[in-house]
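**Student:** Protein chains in written order, with our numbering: chain A, 6 to 434; chain B, 6 to 434.
Below: one structure in C-alpha cells.
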C-alpha cells in the first residue's frame, strides 16, 4: 500500500522539520499582531468558480459530489475562504483585520520539484485598509519571515508590479480579455520561449499590440511612468507603486519592479509580488501575494480592501535546504530512556517514569527486558535519547541510581533522591 | 456563501481555543516520549476497504475518483494510515514505536451534539509491544491528558473490555459472523432499546444465544472468568484484562470493566476501551481505543502488535465546557497598539513598531488616522490589546512617549528610550 501520488507521509523527523518551519511563521505573524484562524477542508465548489483562477478550477481542483449531491471541493487555496469568513461575520469583526493561517491544500498537478498535490501554506492577510502602507506591512512580514530563518537578503529576490499598469499600458479595458492576457503573460517564465511567443502572437489583436506585449518585460517602472499611453488609473497605480517601493527601501527592505510578475489568480486588483529563490534550480516562487480589493464584494455584499500573501512549504523547504538554513538542533538527542533490568522492579520503573514526567522530563519507558542491557542502550541510541536511567537490585539496595549519558558515553551513579534535579539541570546543558 | 454543512470556521477566538486543546495533548504525549507524525489528507480507498469499519466505508467515507481515475478517500480515521506508514519504513524504524498525531478527518454524518463532518483527532499509538504493560501505558496517557485539562476523575468514566471474551463466551468462531454481532452489540447505547432487542432477536441463531447476548451486559469480569463457557483464549484474555485492571488501579487510575463496550472498528483484536463524560447530555465517547495486533499484517507483510487511542476535538470541547475547564487566560488583553497621531510621524511609527517587535512585544500598528484618538482606543480595546502607545508632536519634542493601559484605564508618560524595557516588564504582570 503506497502513499497517494503527490502527497507525503511525515515521519517524526519530517514532522519536526515542518513544525519548526511553522513555528517561525507563527512567531513573526504574532509579533505583527496577526491572529491565527482556520477554515474547513471542504468548501462548496461555487466559492471558487469565477473567483479564483480558471486554471485551478478547471484543471487542478479536487471537486466531487457529496452523498447529498452537493458539489464540494477540497480547498486549493485560502483566499476565497478568508473572504467568505469575513463576509459571514462582517458586522461583529473589528477592522482592520490582521489574520494568518497555516493549513493544507490540494491541487491536481504533476508532482515535481517544489510542487506536490498536497502542500501546506501560510496565508497572511490585512483586510480593511486600502492605503499602500498596508502593502508595505504585508511585504515586511513576508521578508521578515525569510530573514527569521537566517536567510540573508542576497538569498532571494523580491519582484513586484501592479496589474493596473499593464492594463493601462496595453489599453485593454475589457476585463474578461485582460484576464485572458494575464493568464498568457503569467506563462512567460514557465514555458518554452517559442511557445510563449506563439501564444502572444495568437492573443494580440494586431502587430502593434503584439510588440507592446513583448516590450513590457524590459521596461522599468520609470519607463511606464513616462509613457504617454498610461491613463489616469495607470498613472495613479504607478505613483503608488513608486511610493511603496521607496517606503520599503527606506525601512531596509530591497524589492525590484518586475513587469513579468502578473500572478495567476483572477482576484488581484493592485500591487502584486513574488519572492524567488536565487538558486535557479528552485524555480517555483517561494511567496506570492498582492492586493485583492474586490473579492469580498464578489463573495459578500460590499468590497473591502485587502492585501496578503501565501508561503508554501514545499518550495520553502527547498529554499532552506539549498541555503543551509536548517537547524541541526532538531536532531539532537534528548529525553530519558528507563531501562528494564528486572521483572521484580516493574512497579518501580513506572513510579520512576511518573516522577520524571512530573519534573517535566521527557521519559520513555522500556516495557520489557529484551536481551542484555547493551541491547537496550542501542535501542535508546537509535531512538535518539540522551540518557538511560538504570535501576537494578544493586542500585535499589544502596538507594542509588545509574545514569548513562549516551552522547558523552559516561555512566555515573547518583543518590536516588536527586535524580529529577540532576536531569533537570543536565537537560539545560 | 455558507460554510459547508457539518464543518466549522475557526475565527481567532475558536482557533486559540483549539490550539490550547492541542497544546495540552502535545505536552502529555511528549512527556511520555511520543513523537509527532502526520499522514496525507487523501489515501487510496482500498486502504480502508475491509480493514476499517463497514459502517464508515459504506456509509460515511468521502471517496471519489481523482482526475486520473484513481479511487481515493479523505481520511475518516488515522489507524489505517499509521499502519501503512509503519509498513513502508518497517526496516528503518526502531521498535517500539511511540507516535502521536493531531489531524483533521471527515465523515459523512448527520451533524449533531458531539458529531460533525470535519473533526480533529489526537491519535496516540504504541507499536511493537504485545504485553499488557503497553495497554497500561496507553491508558495512562489517555487519562493523564484529561487530568492535564484540570478534570478530576469523577468528571469522566473509563470502561474497558476485550472482544476475545465476548467471542469466547458467545462461542462464535466464524470471524465474519462475529464482526456482524459486534456491529449490533455496538448499537446498544446508541439506539432505542426495543429496536436493539429486535436486532438481537434477528441476529441470534436460537433463543439460547439471544438470551446470552442480552445477559452479557450485566456481567462483571469475574462472572466471565468463572463461566464454564470460556475457552482457552477467552480465559487468557480475561486474566490479562484482570491484570491490566489491577496494574492501573495500583498506579491510581480507576477504570471499570464494561461488557457493553465493543467499538465499531473491525481491526481490534484485544483490549478495547472508551472514556465517557459523566454529563449525560454529552453522549458521544470522548476517547476510544484498543489493541489491534493484526492490522499491520493486513496492510503489510507481517503482524506487529499495536495499541492506541483517538481523542476527538468536538466531544472534548463539550466536555471541557460542561465541566468549566476552559482557561480564561486565552481571552486576556495582550500586546501593543501604536496609535496614528500625525501623518508627519508615519516613519516614526514604523520605527517604533520594529523596535518593539525586536524586543519580543506583539505590536499592531494603526496605519491611518481615523477620527479622534478616542476612536483608536476603542478599536484597540475591541481588538483586545493591552496597551496603546501614543507618539505625537508633543511627545517627540520632549523625547517622551505616552502609554495607555486599556485594562487599568491609566495613561503615563515615560522617556522614549525606556519604552521597550517598560513594556517587557509590564507584559509579565
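Note that CB positions come from ideal geometry on N, CA and C, so glycine has one too.
Let me know the secondary structure DSSP gives residue 278 (chain B) once reduced to three states.
**Tutor:** Counting from one through the second chain, the residue named residue 278 (chain B) turns up at place 273. DSSP places residue 278 (chain B) in strand when its eight states are reduced to three.
**Student:** Measuring alpha carbon to alpha carbon, tell me which of B:16, B:8, B:35 and B:23 ends up nearest residue 363 (chain A).
**Tutor:** Start at 1 with the first residue of the first chain, and residue 363 (chain A) comes out as number 358. Here the closest residue by C-alpha is B:35.
**Student:** Taking the beta strand (DSSP E) that residue 108 (chain A) belongs to, which residues open and close that run?
**Tutor:** To locate residue 108 (chain A), count along the first chain from 1; it is residue 103. Counting along the chain, the beta strand (DSSP E) containing residue 108 (chain A) begins and ends at 102 to 111.
**Student:** Does the pairing of the region 134 to 144 of chain A with the region 378 to 389 of chain B give three or more beta-carbon distances under 8 Å?
**Tutor:** No, the region 134 to 144 of chain A does not touch the region 378 to 389 of chain B.
**Student:** Is residue 44 (chain A) close to chain B, meaning its C-beta is less than 7 Å from at least one C-beta of that chain?
**Tutor:** Mapped onto the first chain, residue 44 (chain A) falls at position 39. By this cut-off, residue 44 (chain A) is an interface position.
**Student:** From residue 282 (chain A) to residue 154 (chain A), what distance separates their C-alpha atoms?
**Tutor:** Your numbering for residue 282 (chain A) matches position 277 in the first chain. Your numbering for residue 154 (chain A) matches position 149 in the first chain. The alpha-carbon atoms of residue 282 (chain A) and residue 154 (chain A) are separated by roughly 14 Å.
**Student:** Quick one: using the 10 Å Cβ neighbour count with 16 as the cut-off for buried, is residue 210 (chain B) buried or exposed?
**Tutor:** Within the second chain, residue 210 (chain B) is the residue found at index 205, counting from 1. When all chains shown are included, residue 210 (chain B) counts as exposed.
**Student:** Excluding sequence positions up to five away, which residues of its chain have a Cβ less than 8 Å from the Cβ of residue 8 (chain A)?
**Tutor:** Taking the first chain and counting its residues from 1, one reaches residue 8 (chain A) at position 3. Same-chain partners within the cutoff: 14.
**Student:** Between which two residues does the alpha helix (DSSP H) containing residue 263 (chain B) stretch?
**Tutor:** To locate residue 263 (chain B), count along the second chain from 1; it is residue 258. Careful: residue 263 (chain B) lies outside any alpha helix (DSSP H) and carries neither H nor E.
**Student:** Pull up the distance between the alpha-carbon of residue 253 (chain A) and that of residue 263 (chain A), whole angstroms please.
**Tutor:** Position 248 of the first chain, counting from 1, holds the residue named residue 253 (chain A). Position 258 of the first chain, counting from 1, holds the residue named residue 263 (chain A). Near 16 Å, if we compare the C-alpha coordinates of residue 263 (chain A) and residue 253 (chain A).
**Student:** Quick one, are the C-beta atoms of residue 42 (chain A) and residue 104 (chain A) less than 7 Å apart?
**Tutor:** On the first chain, position 37 is the one that residue 42 (chain A) refers to. On the first chain, position 99 is the one that residue 104 (chain A) refers to. A contact, by the Cβ cut-off of 7 Å.
**Student:** Considering only the alpha carbon of each residue, which of B:65, B:266 and B:118 lies closest to residue 284 (chain B)?
**Tutor:** Here residue 284 (chain B) refers to the residue found at position 279 of the second chain. Looking at the Cα atoms, B:118 is the closest of the given residues.
**Student:** Measure from the alpha carbon of residue 63 (chain A) to the alpha carbon of each residue in A:71, A:238, A:53 and A:275, then state which is nearest.
**Tutor:** Your numbering for residue 63 (chain A) matches position 58 in the first chain. The candidate whose alpha carbon is nearest that of residue 63 (chain A) is A:53.
**Student:** CB-CB under 6 Å to residue 147 (chain A), same chain, minus the five flanking residues each way: which ones, in chain order?
**Tutor:** To locate residue 147 (chain A), count along the first chain from 1; it is residue 142. Taken in chain order, the residues that qualify are 292 and 314.
**Student:** Going by C-alpha distance, which of A:366, A:55, A:164 and A:59 is nearest residue 246 (chain A)?
**Tutor:** Mapped onto the first chain, residue 246 (chain A) falls at position 241. Minimum Cα distance to residue 246 (chain A) is reached at A:164.
**Student:** For residue 336 (chain A), tell me which candidate among A:17, A:11 and A:367 has the shortest Cα-Cα distance.
**Tutor:** On the first chain, residue 336 (chain A) is found 331 positions in, with the first residue counted as 1. The option with the nearest alpha carbon to residue 336 (chain A) is A:17.
**Student:** Name the chain B residues that come within less than 8 Å of residue 77 (chain A), Cβ to Cβ?
**Tutor:** In the first chain, counting from the first residue as 1, residue 77 (chain A) sits at position 72. Chain B residues near residue 77 (chain A): 9.
**Student:** Would you say residue 17 (chain B) lies against chain A (beta-carbon separation less than 7 Å)?
**Tutor:** What you label residue 17 (chain B) is simply residue 12 of the second chain in a count that begins at 1. It does: the Cβ of residue 17 (chain B) has a partner Cβ on chain A nearer than 7 Å.
**Student:** Which bits of chain A does residue 294 (chain B) rub up against, with CB to CB less than 7 Å?
**Tutor:** Locating residue 294 (chain B) in the second chain gives position 289, where the first residue counts as 1. Correct list: empty, because the minimum Cβ distance to chain A is about 17 Å.
**Student:** Quick check on the burial criterion: 16 or more other C-beta atoms within 10 angstroms. Buried or exposed for residue 286 (chain B)?
**Tutor:** What you label residue 286 (chain B) is simply residue 281 of the second chain in a count that begins at 1. Residue 286 (chain B) should be labelled exposed.
**Student:** Mapping the DSSP letters down to three states, classify residue 129 (chain A) as helix, strand or coil.
**Tutor:** The residue labelled residue 129 (chain A) in the question sits at position 124 within the first chain. If DSSP states are grouped into helix, strand and coil, residue 129 (chain A) belongs with the strands.
**Student:** Considering residue 78 (chain B), what are the terminal residues of the beta strand (DSSP E) in which it resides?
**Tutor:** In the second chain, residue 78 (chain B) corresponds to position 73, counting from 1. Counting along the chain, the beta strand (DSSP E) containing residue 78 (chain B) begins and ends at 76 to 79.
**Student:** According to DSSP, is residue 363 (chain B) helix, strand or coil?
**Tutor:** Position 358 of the second chain, counting from 1, holds the residue named residue 363 (chain B). DSSP places residue 363 (chain B) in helix when its eight states are reduced to three.
**Student:** Grouping DSSP H, G and I as helix and E and B as strand, with all else coil, what is residue 67 (chain B)?
**Tutor:** Numbered from its first residue, the second chain carries residue 67 (chain B) at position 62. In the structure shown, residue 67 (chain B) sits in a strand (DSSP, three-state: E or B).
**Student:** For residue 434 (chain B), which residues in the same chain have their Cβ closer than 7 Å to its Cβ, ignoring the five residues on either side in sequence?
**Tutor:** Translated into positions along the second chain, residue 434 (chain B) becomes position 429. Note on residue 434 (chain B): pLDDT 49, under 50, position unreliable in the model; the coordinate value appears next. No residues qualify anywhere along the chain.
**Student:** Since residue 339 (chain B) is in the alpha helix (DSSP H), which residue starts that stretch and which ends it?
**Tutor:** Within the second chain, numbered from 1, the residue matching residue 339 (chain B) stands at position 334. First-last for residue 339 (chain B): undefined, no H or E at that position.
**Student:** Run through DSSP, which three-state label would residue 301 (chain A) get?
**Tutor:** In the first chain, the residue the question calls residue 301 (chain A) occupies position 296. Of the three classes helix, strand and coil, the one that applies to residue 301 (chain A) here is helix, per DSSP.
**Student:** Whole angstroms is fine: what's the gap from residue 350 (chain B)'s alpha carbon to residue 397 (chain B)'s?
**Tutor:** For the purposes of this step, residue 350 (chain B) is taken as the residue at position 345 of the second chain. For the purposes of this step, residue 397 (chain B) is taken as the residue at position 392 of the second chain. Taking the straight line from one Cα to the other gives about 8 Å.
**Student:** How would you label residue 99 (chain A), buried or exposed, when you count the other beta carbons within 10 angstroms and need 16 or more for buried?
**Tutor:** Walking along the first chain from the start, residue 99 (chain A) turns up at place 94. Burial call: exposed.
**Student:** Tell me whether residue 155 (chain A) sits in a helix, a strand or coil according to DSSP, three-state version.
**Tutor:** Within the first chain, numbered from 1, the residue matching residue 155 (chain A) stands at position 150. Residue state, collapsed to three classes: coil.
**Student:** Would you check if the distance between the CB atom of residue 121 (chain A) and the CB atom of residue 275 (chain A) is smaller than 7 Å?
**Tutor:** Here residue 121 (chain A) corresponds to residue number 116 of the first chain, with the count starting at 1. Here residue 275 (chain A) corresponds to residue number 270 of the first chain, with the count starting at 1. Cβ atoms of residue 121 (chain A) and residue 275 (chain A): not closer than 7 Å.
**Student:** Could you tell me whether the Cβ atoms of residue 66 (chain B) and residue 78 (chain B) are closer together than 7 Å?
**Tutor:** What you label residue 66 (chain B) is simply residue 61 of the second chain in a count that begins at 1. What you label residue 78 (chain B) is simply residue 73 of the second chain in a count that begins at 1. Yes. Within cutoff.
**Student:** Comparing C-alpha positions only, which one of A:58, A:72, A:402 and A:70 sits nearest to residue 84 (chain A)?
**Tutor:** Locating residue 84 (chain A) in the first chain gives position 79, counting from the first residue. When only C-alpha atoms are compared, the closest one is A:58.
**Student:** Note down, in chain order, each residue of its chain lying with its Cβ closer than 7 Å to the Cβ of residue 238 (chain A), except the 5 sequence neighbours on either side.
**Tutor:** Walking along the first chain from the start, residue 238 (chain A) turns up at place 233. Counting only Cβ-Cβ distances below 7 Å, and skipping sequence neighbours, we find 169 and 173.
**Student:** Looking at the strands, I want to know which residues DSSP matches up with residue 163 (chain B).
**Tutor:** As a working note, residue 163 (chain B) is residue 158 in the second chain. The partner list for residue 163 (chain B) (beta bridge, DSSP) reads B:280.
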